[in-house]
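Protein chains in written order, with our numbering: chain A, 1 to 639; chain B, 1 to 300.
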Amino acid sequence: MADIQTQDPVYKTDALIAEDIDAYLDIHQNKGLLRFITCGSVDDGKSTLIGRLLYDSKMIFEDQLAALEADSKRVGTQGQDIDFALLVDGLAAEREQGITIDVAYRFFATEKRKFIVADTPGHEQYTRNMVTGASTADLAVILIDARKGVLSQTRRHSFLAHLIGIRHIVLAVNKMDLVGYDQATFDEIVSDYSNFAESIGIKDFTAIPISGFKGDNIAIAPSPETPWYSGPSLIEHLETVDLGADEEQARPFRMPVQWVNRPNLDFRGFSGLISDGEIAPGDTVRIVPSGKTSTVKSIVTMDGDKDEAVAGQSVTLTLADEVDCSRGDVIAAADAPPQAADQFETTIVWMSDENLIPGRGYWLKLATQTISATVAEPKYEIDVNSLEHLAAKSLSLNSIGVAEVTTDKPIVFECYKDSKQLGGFILVDKITNATVAAGMIHFSLRRAQNVHWQPTTITRDDHSAMKNQKPALLWFTGLSGSGKSTIANVVEKKLARMNRHTFLLDGDNVRHGLNKDLGFTEADRIENIRRVGEVAKLMTDAGLIVITAFISPFRAEREMVRNMLPENEFIEVHIDTPLELAEARDVKGLYKKARSGELKNFTGIDSPYEEPEKPEIRIDTTAMTPEEAADLIIARIIP
Amino acid sequence: MQRLTHLQRLEAESIHIMREVMAEAQNPVMLYSVGKDSAVMLHLAKKAFYPSPPPFPLMHVDTTWKFQDMYALRDKAARDAGMELIVYQNPEAKERGINPFDHGPLHTDMWKTEGLKQALTKYGFDAAFGGARRDEEKSRAKERIFSFRTASHGWDPKNQRPELWNLYNAKKAKGESIRVFPLSNWTELDIWQYIMAENIEIVPLYMAAKRPTVERDGLLIMVDDDRFPLKPGEEPEMRSIRFRTLGCYPLTGAVESTASTLSEVVQEMLLTTTSERQGRAIDRDGGDASMEKKKQEGYF
């Protein structure tokens, strides 16, 4: 370690390891935990700083150090010097290419705290990785090269840290050794940063002049080189910063239910991680969204029942009453429960190569609730460098926007600024299962809070009983010219003859009225299907057998409609006609137009048709007539 | 006001992870290697689901070459937890008599990597808990807590799902599976402290005692049964040794030590500062990136 001058931080417990190990372990048994993120590039000396923190807290083992020295000489970029980037860069592919693309977690400890450092190296995918790393962090260390001052990347890092709700910001002005430990340089940077921080709503930050390379003000402050600095060293600050556990525990109690523990008929426990507040046996709680109340009977753990539990603990609660409660519900303080709503204004960070498709159904996971949700066209996108609001129709990888989100059913939530656990969510693509976005709820939109579902006296069961039939939605899907409308017509005629109450919703017809404001962009086509789905749902509520004939080329939209209806009422009918045959028929002359380029986004030609994977009914039109097809479909729905 | 210690927070996080898997996976399993990390993981599972027993089986992908003490504790631990124990041994490796003396890296590949893949496929497990920690090894520092595997059990480090807050995405297509690492954020010292605080039973081999040993390739190997090929005239020497990590006995290097209590072991660990996997011969095959390569091939 000849190249790194060490200024050993002597923790008073270190000597205890050799002298009295049990005393040492006692001290270390009751450490706290701080998770932080380091923001900056390799140029700012970030890897060197992390390497130093690991080294100063004795977290680099001898064999690692030997390997590091060898690696530094072989592939390092620092000549004969130790290249700390090698220590914190994990994957072989990255090492070869000299880039880092992901989030890595590092661990070190002092006698007061254990630290988990999220390191998001590299410039590529920076927004996605930093937001990911920052989501679990209590504190952000924003590194600045003292020679360069506040740069646009400093602003970007600070904006993201603030966006994700990190309350503690440390401005680490690094490489002070290269500016001669000049106080004026430091003061100017702090003043610059202060103006910017205030403009984006950062109320408070701690600025520390450091040298990761030389070790100044890392462990001990003030360094002899900076007698003018009177604040804490970086490690002292990390060890003592108040994490606000008091505030968290003072908030009203909330525990999202993860799992119902039912080993036998006599025990029914609700397991979860307490997100806010504290709880004790005898406390009155409310189950949200149902609104039922009960009293906590016991807090059950393997170590015996507990007298209290607080935010951050995983527990199992039993209640005094037999109330309905399952995964996704939130057990909350009875007098201050969270709200449920189905429409929100949110900030969304897009994390996928595939752009956001407004109106498409995604899985939204918030706390323990997973539900189908759609995102509207963004109100605006935020340029992370200039912080300007830009007009946007969609969101692409690493872009951040503000958009309305609508869920299929009301979910229990809180504003993100009040509760990360109940205000932060992810979006998951329904086909690829990839996590495509992270979102933060600002507030629910009034509509959801004030429009209540009006219970009606005549229920959907009454409607269907009066008509003496089971309602259903026969959803025909297939290429243009596949025969959907033809077969749907025959089906309806036959059902009418059987005295069934039906209604046929045809694609072309709906566009003359209900959907005449919609065009043929991807978003409009999704909205077209959504409206048809809602109308069909109302009709099934009225007891009808509804038949629809729409190309409906995307699986996600068909699934969206399926999820709107009670189970087994959505019957997907795939009219399976090969493209060549449909094109050869070309009843409306549309394929010809599409081939000539006159018609854009035509399904099967320049826009995909995603075949149903498991349709309830598949009709091979090359093997049967429309009459035969209709008989087959009716046989499936009328027992 | 109650301030949670780092161990309390780690415990709460691990329990939360296990319950999420239980709620979202169809057919989870806990991989159990009988080491100290497995012991902690099993203990946390008991806590997570108490008073129910952990609602999934324990599975040991066996090589037939583990220490005898490990087999004894394995069976006892499963019994004590009230869990089904599945022991899987790759039938091909068994038939071909694959062993660490004659087959080198093939031993690990067939018994462990192939054995694990076969077992997961055979029982159709869609989520498997493993006791790996991020502080163990460089490639693990970047792995997610919910680590997604293709239908052929491969890991693609460039295509990992972002993991935010404590929201885990457990969605997957048929045939795909998820490896889950509830101890991701624990360090070796955390593990030891927790074992002491919670009185968790571990294999006695972690503590020093006089044991029969020989030297092979610079490693001190314990002669645990009569399958060990001694050189002509060679007599195992009784040495006071212990193990920092446990695996197949012919591949696991011991350290000479007199630390016979848990706190003495921790004391030694803190004073010697040699990282954990160094005693294990398996990481050395293939040089620098060997663990990452193994993971891509499906090793845990």
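Heads up, the beta-carbon is just placed ideally off N, CA and C, and yes, glycines get one too. None of the values given here were measured: they were computed from a predicted structure.
Item: Output yes or no for whether 8 Å exceeds the beta carbon distance between B:Gln8 and A:Gln249.; Value: no
Item: Which of the three DSSP states, helix, strand or coil, is assigned to A:Arg416?; Value: The question names Arg, yet the displayed sequence has Tyr at residue 416 of chain A. It is coil, neither helix nor strand.
Item: Measure the alpha-carbon distance for B:Glu13 versus B:Pro182 and round it to whole angstroms.; Value: 8 Å
Item: Whose CA, out of A:Glu534, A:Met255, A:Asp187 and A:Gly439, lies closest to the CA of A:Asn398?; Value: A:Gly439
Item: What is the DSSP secondary structure of A:Pro410, reduced to helix, strand or coil?; Value: strand
Item: Could I get the ranges of all uninterrupted beta strand (DSSP E) runs contained in the region 376-407 of chain A, with 3 residues as the minimum, in chain order?; Value: 380-382
Item: Looking at the unbroken beta strand (DSSP E) that takes in A:Asn642, where does it start and where does it end?; Value: The structure shown does not extend to residue 642 of chain A, since chain A is modelled only from 1 through 639, so no value can be given for it.
Item: Tell me, please, whether the region 55-70 of chain B touches the region 237-248 of chain B by the rule of three or more beta-carbon pairs shorter than 8 Å.; Value: yes
Item: Restricting to Cα atoms, I'd like to know which of B:Met238, B:Thr113 and B:Gly104 is closest to B:Gly154.; Value: B:Thr113
Item: What residue ranges within the region 68-124 of chain B form continuous beta strand (DSSP E) runs of no fewer than 3 residues, ordered along the chain?; Value: 85-88
Item: Excluding the 5 residues preceding and the 5 following A:Phe554 in the sequence, name in chain order all residues of the same chain whose CB lies nearer than 6 Å to its CB.; Value: Glu610
Item: Could you compute how far the alpha carbon of A:Leu632 sits from the alpha carbon of A:Lys537?; Value: 24 Å
Item: Using a Cβ cut-off of 8 Å (strictly closer), state whether B:Ser38 contacts chain A.; Value: no
Item: Report yes if the CB atom of A:Ile551 is closer than 8 Å to the CB atom of A:Thr603, and no otherwise.; Value: yes
Item: List the residues of chain A that B:Asn185 touches, going by C-beta distances under 8 Å, in chain order.; Value: Tyr105, Phe107 and Ile116
Item: By the three-class DSSP mapping on this structure, what secondary structure does A:His168 have?; Value: strand
Item: Distance, Cα to Cα, A:Val384 vs A:Ser191?; Value: 22 Å
Item: Output needed for B:Leu164: all residues of its chain with C-beta closer than 6 Å, excluding positions within five of it in sequence on either side, in chain order.; Value: none
Item: Could you check what DSSP says for B:Thr63 in three-state terms: helix, strand or coil?; Value: coil
Item: Inspect the beta-carbon positions of A:Ser444 and A:Gln343 and report whether they are closer than 8 Å.; Value: yes
Item: Please report the Cβ distance between A:Leu395 and A:Ile348, rounded to the nearest whole angstrom; I am assuming they are in contact, meaning their Cβ atoms lie under 8 Å.; Value: 6 Å
Item: Please determine, among B:Ser52, B:Ala93 and B:Ala173, the residue with the shortest C-alpha to C-alpha distance to B:Phe148.; Value: B:Ala173
Item: Answer yes or no: do B:Met83 and B:Leu58 have a C-beta to C-beta separation smaller than 8 Å?; Value: yes
Item: For the 8 Å Cβ check, are there 3 or more pairs between the region 322-342 of chain A and the region 298-306 of chain A?; Value: no
Item: Who are A:Pro256's beta bridge partners in DSSP?; Value: A:Val330
Item: Nearest chain B C-beta to A:Gly90 closer than 8 Å, yes or no?; Value: Residue confidence for A:Gly90 is low, a pLDDT of 48 falling below 50, so the modelled location carries little weight and cannot support an answer.
Item: Is A:Ile426 close to chain B, meaning its C-beta is less than 8 Å from at least one C-beta of that chain?; Value: yes
Item: According to a CB-to-CB cut-off of less than 7 Å, which residues of the region 240-251 of chain A neighbour chain B?; Value: Ala245, Asp246 and Gln249
Item: At the 8 Å Cβ level, is A:Lys417 part of the contact set with chain B, yes or no?; Value: no
Item: Look at the alpha carbon of A:Ala93 and the alpha carbon of A:Asp102, and state the distance between them as a whole number of angstroms.; Value: Low confidence applies here, because A:Ala93 scores a pLDDT of 46, under 50, leaving its location unreliable and the question unanswered by this model.
Item: The region 195-219 of chain B: which residues have C-beta closer than 8 Å to a C-beta of chain A, in chain order?; Value: Met196 and Ala197
Item: Any Cβ of chain A within less than 8 Å of the Cβ of B:Ala181?; Value: The sequence shown places Phe at residue 181 of chain B, rather than the Ala named in the question. Not an interface residue.
Item: Taking the alpha-carbon positions, what's the A:Trp259 to A:Arg268 distance?; Value: 11 Å
Item: Hey, which unbroken runs of the beta strand (DSSP E) at 3 residues or more fall wholly within the region 463-493 of chain A?; Value: 472-477
Item: Would DSSP call A:Glu598 helix, strand or coil?; Value: coil
Item: Apart from the five residues just before and just after A:Ile382, which ones in its own chain have a Cβ nearer than 7 Å to its Cβ?; Value: His389, Ile400 and Gly401
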